[in-house]
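Chains as they are written, first to last, in our numbering: chain A, 190 to 624; chain B, 1315 to 1583. Report on the structure given below.
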Amino acid sequence: MNKTLTTAIAAAFVGLAGVASAATVTIATINNPDMIELQKLSKTFEQANPDIQLRWVTLEENVLRQRVTTDIATGSGQFDLMTIGAYEAPIWAAKNWLTPLDMPANYDVNDVIKTVRDGLSLKGKLYAVPFYAESSMTYYRKDLFDAKGLKMPEQPTWTDIQGFAEKLTDKAAGVYGICLRGQAGWGENMALVGTMVNTYGGRWFDQSWKPTIDTPEWKKAVTTYVDILGKYGPPGASANGFNENLVLFGSGKCAMWVDATVAAGMLYNGKESKVADKVAFAAAPQGTSPKGAHWLWMWSLAVPKSSKNQAAAQKFAAWATSKEYIALVAKDKGWASVPSGTRESTYANPEYQKAAPFASFVLSAINTANPTDATVQKVPYIGVQFATIPEFQSIGTVVGQNVAGALTGKLTIDQALKNSQASTERAMKQAGYLK
Amino acid sequence: MNEKAPWWVGILGWGTAFVIFLPILIIAITAFKTEQDAYSLSLLFKPTLQSFNEVFERSHYLGFVSNSVYVSLGSTIASLALAVPAAYSLAFFPGKRAQKILLWMLSTKMMPAVGVLIPIYLLAKTTLLLDSITGLIIIYTLINLPIAVWMAFTYFNEVPKEILEAARIDGANAWQEMLHLLLPTALPGLASTALLLVIFSWNEAFWSLNLSSVNAAPLTVFIASYSNPEGLFWAKLSAASLLAIAPILVLGWLAQKQLVRGMTFGAVK
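This is the structure in C-alpha cells:
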C-alpha cells in the first residue's frame, strides 16, 4: 500500500471520528405553543453545547403518535428524543422501549409535581420528563352569571351546571349555556366523558378486565352529558374539539366550558380572546364522588432505547425541562407563557402568581388528579381519563363514536352503551384479557 | 358540436367549479389573516403577512420544496419507464391473461396503506432507505404504477392496430414502432398521465409522513407541522398550505392545455 493511500485512509478515519463526536439529536415533537418556543430557545442550548446538534421533526398530534409508535415498535432509531403523552409513557416503559432517565443532581427531580412524576414512572424509575402538564376545570362568564343573579360555587356539581346551562341559554342572542367537547375520540369527547364516568362512580373495566360500560353509573354519566350538551350546547356540538370550543368561548358564544387548564392562559390573554376581562373559573364539576372528576395529561420527553445518541438526548431533555429553561421562557415571553403544570418552583414564584391569576388553582387541580386513584371502585389500570393499556386508543375511540351518536340522536343512550359494551368486550377478548 | 349549449350548462359549470375551488379560496384568504381573525369567515379584515413570516422563520421551506420536487419527478419518471413498456405489451400483444393482469394490478390499490405500514417500515429500515429520497421514490413509483399502466394502456388501446401493421410492413422493428409511431401519437395522453403522477406524488401524505423525518421530508411533512388539536394555528396552517400547493398549482395551469387534450384524446375521436 503506498503512502498517499495510507495517509488518505487515516485522514478519512480522523474525519469520521470528527463527525461521530458531534452528536445529532433528532427530536420528534408536536406543534403546540410551548414546543415552538422550545424550538426557538434551543439555540441557547446548542451554543452552550457545540458538540450537540439538534434536528426537529414537528408533527400534528395524531400523526406524531402514529409516527413515533411505528418507529419505536420497530426499533428503527429514527428519533433520539420523542414527545410522548401521559398515556404512552407507562405502556412504553413496560415494553422496555424507553431508557430510564438519570437526571443530574441540579435538576431537582423532587421539584417536579408528584402526580406528574408518578404518571411518567414505572416501578420507581422515571422514564420521561414532563414538558407541560394540564388538568381540566370549569370556565364561566362572570358577566352573564351576574346578569341572571347566579353564583358559581367553587366546586360545582354536574347538576349545578345543568341548572345554570338552562338559565343561561339565550339562543336568540347566540349565547349557549355550555360548550363541551363533542368530537368522537379517546382524547376528545371521551377525555371529558371519562371524567364524568369516574365522578359518577363508574369505571372502564372491573378487576378482572371485564368492561363495565353497561352499568347504571355509565348511563347516568352519559345521560347527563348528552342532556346538557344536546339541550344547551351550540348546534353541531358533535364536531367540536378543544380548538372549536376555545373559539366559541373566546368569542362570547358560551356561558360555560369545561376543558383543559391550558385554555386559561389563552382565555385570559386579551389578544386572543374577547372575554379576557369577563372569564372566571371553578373546579371541574363533580357527580356523586370527587374521584377522577378532572383529568391529568402531560407532554413529556423520553429517550427511546433505539436511539444512538442517548447521552446527548438526555442532556437536552434535562435542559428543556429544567428551572433554568422556565426562567429563560419567562425572560423571552413573560411569566404568563412559561410551560405550566410541571414544577412546584414555578407555582411558588410570585411573578408567575401575579402573571397567572389561575396559577394556584391549576396547581391544586394537577396535584389532586391522581391517575392511580381516580375511580370509586377498584380498577386494574392507571389513568384518569384513559386506561394505560395499548388497546385503549381504539376502544376509547369506538366508544367515543357511540357517545357522539347518542349526542346527535342517531342512537339512543341505551343503544350507544350496549354497542360500546359489546365492542369493548370483543376487543378485550381478542387481546387476551378475557376468555 | 356546433350548437350553443343551453344557458344553464354554463351556470352549472361555473357553479361546480366555484364549489370545488372554494376550499382553496378560503385557504388563500385565511393565510393573510391573523390567528384571531382566522376562525371567522368574514371578509372584512386587515391583510397581513405575519403568518408567512412566521412560517418562513420556523421552517426551511425551500428544503421541503426541493425534496418534493425530487421525489415527485423521480417517481414519475420511474413509473413511466416501467408502465409504458408494460402497457405496450398488454395493449398490442395481449396474452390470455391480459385482462386479469390489469385487474390484479389495480387490486393492489384496494388495500388500505396502513395495513402494510409495519412490514414496509421494516423493509425500509433494513435496506437503510428510511428517511431517504430514494426510499420515497421507490414507494411512490410502486403506488402509482397501477394507475400509470392503466392510463397508458387506455391511450395505447385507442391507437388503431392497423397503423402498427402498416409500419411493420414498411419494415419497422418494435423499437422504431414505439419511438416513431406510438409515442408521438400517444404523447398528449402520456403527458397528462405524467402530470397526474406528479400531482399524486406531490400530495401523497401517508407514506411521506411515516417514512421520512428530516433528510427526505417533503411538503406534506411541512404542512403537518402546522396543525394541532390544542391551539390556534389556522392562519399559519393556511399560509403553509398555500406555500405547499403553489408550485403544483402553477404547473397545473401551465399544463392545462396538455391535460385537457390528454383527457379527450383518441385517434378516432
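Even glycine gets a Cβ: it sits at the ideal position worked out from N, Cα and C.
Using DSSP with H/G/I as helix, E/B as strand and the rest coil, what is residue i?
i	result
Trp286/A	coil
Gln574/A	coil
Phe1407/B	coil
Gly1566/B	helix
Tyr365/A	strand
Gln499/A	helix
Phe353/A	helix
Thr1455/B	helix
Val382/A	helix
Phe1536/B	helix
Ala620/A	coil
Ser462/A	coil
Pro1498/B	helix
Arg370/A	coil
Phe547/A	coil
Val1528/B	coil
Val298/A	helix
To which residues does DSSP link residue i through a beta bridge?
i	result
Asp521/A	DSSP lists no partner for Asp521/A.
Met445/A	Tyr329/A
Pro319/A	Ser489/A
Ser310/A	Leu315/A
Met271/A	Ala217/A, Ala491/A
Val246/A	Ala217/A
Gln475/A	Thr346/A
Ala212/A	Ile241/A
Asp359/A	Val364/A
Pro400/A	Phe394/A
Ala469/A	Tyr329/A
Return the CA-CA distance between residue i and residue j, expressed in angstroms with no decimal places.
i	j	result
Ser427/A	Ala593/A	6 angstroms
Val382/A	Gly371/A	10 angstroms
Tyr316/A	Ala283/A	10 angstroms
Lys463/A	Val436/A	10 angstroms
Ala1569/B	Thr1330/B	21 angstroms
Ile584/A	Ala605/A	13 angstroms
Gly430/A	Gly376/A	10 angstroms
Lys497/A	Ala1531/B	21 angstroms
Leu1357/B	Lys460/A	20 angstroms
His483/A	Asn591/A	22 angstroms
Ala576/A	Ala1342/B	42 angstroms
Tyr321/A	Leu1573/B	51 angstroms
Ser1333/B	Ala1462/B	The displayed chain sequence assigns Val, not Ser, to residue 1333/B. So the alpha carbons of these two residues sit roughly 29 angstroms apart.
Met487/A	Val305/A	7 angstroms
Gln503/A	Pro239/A	16 angstroms
Asn472/A	Ser534/A	The sequence given here has Ala at residue 472/A, not Asn. When rounded, the distance between both Cα atoms is 22 angstroms.
Val588/A	Met385/A	14 angstroms
Ala453/A	Ala444/A	15 angstroms
Gly439/A	Arg330/A	10 angstroms
Thr213/A	His1374/B	18 angstroms
Phe1407/B	Thr613/A	54 angstroms
Arg254/A	His1494/B	52 angstroms
Lys1571/B	Gly1409/B	35 angstroms
Smallest Cα separation from residue i: which of the options?
i	options	result
Lys360/A	Tyr414/A, Pro424/A, Ile302/A, Asn221/A	Pro424/A
Asp625/A	Lys618/A, Glu323/A, Lys467/A	Nothing about residue 625/A can be reported from this structure: the residues present for chain A run from 190 to 624 only.
Ala1401/B	Ser1421/B, Ile1562/B, Leu1496/B, Val1383/B	Leu1496/B
Gly530/A	Thr577/A, Asp349/A, Ser609/A, Thr450/A	Thr450/A
Asp269/A	Thr259/A, Thr215/A, Trp286/A	Thr215/A
Phe547/A	Leu253/A, Ser325/A, Lys607/A, Lys599/A	Ser325/A
Lys520/A	Ala544/A, Gln503/A, Val301/A	Ala544/A
Tyr328/A	Ile602/A, Leu517/A, Tyr321/A, Pro345/A	Pro345/A
Thr404/A	Leu623/A, Lys618/A, Met617/A, Ile602/A	Ile602/A
Lys420/A	Tyr365/A, Glu323/A, Ala444/A	Tyr365/A
Leu623/A	Pro400/A, Ile219/A, Glu226/A	Pro400/A
Val492/A	Ala500/A, Trp486/A, Leu485/A	Ala500/A
Gly598/A	Ile571/A, Thr412/A, Val301/A	Thr412/A
Ala1488/B	Gln1413/B, Ser1403/B, Leu1523/B	Ser1403/B
Phe394/A	Lys229/A, Ile302/A, Gln566/A	Gln566/A
To the nearest whole angstrom, what separates the beta carbons of residue i and residue j, a pair I think is in contact under 8 angstroms?
i	j	result
Val257/A	Ile273/A	7 angstroms
Phe470/A	Phe353/A	At roughly 14 angstroms, the Cβ-Cβ gap does not stay under 8 angstroms, so Phe470/A and Phe353/A are not in contact.
Cys368/A	Gly422/A	6 angstroms
Lys356/A	Lys337/A	6 angstroms
Val1473/B	Ala1438/B	That pair is no contact at about 39 angstroms.
Glu1491/B	Leu1478/B	6 angstroms
Ser1369/B	Ala1554/B	Reading off the sequence shown, one finds Val at residue 1369/B, where the question assumed Ser. Confirmed, about 5 angstroms.
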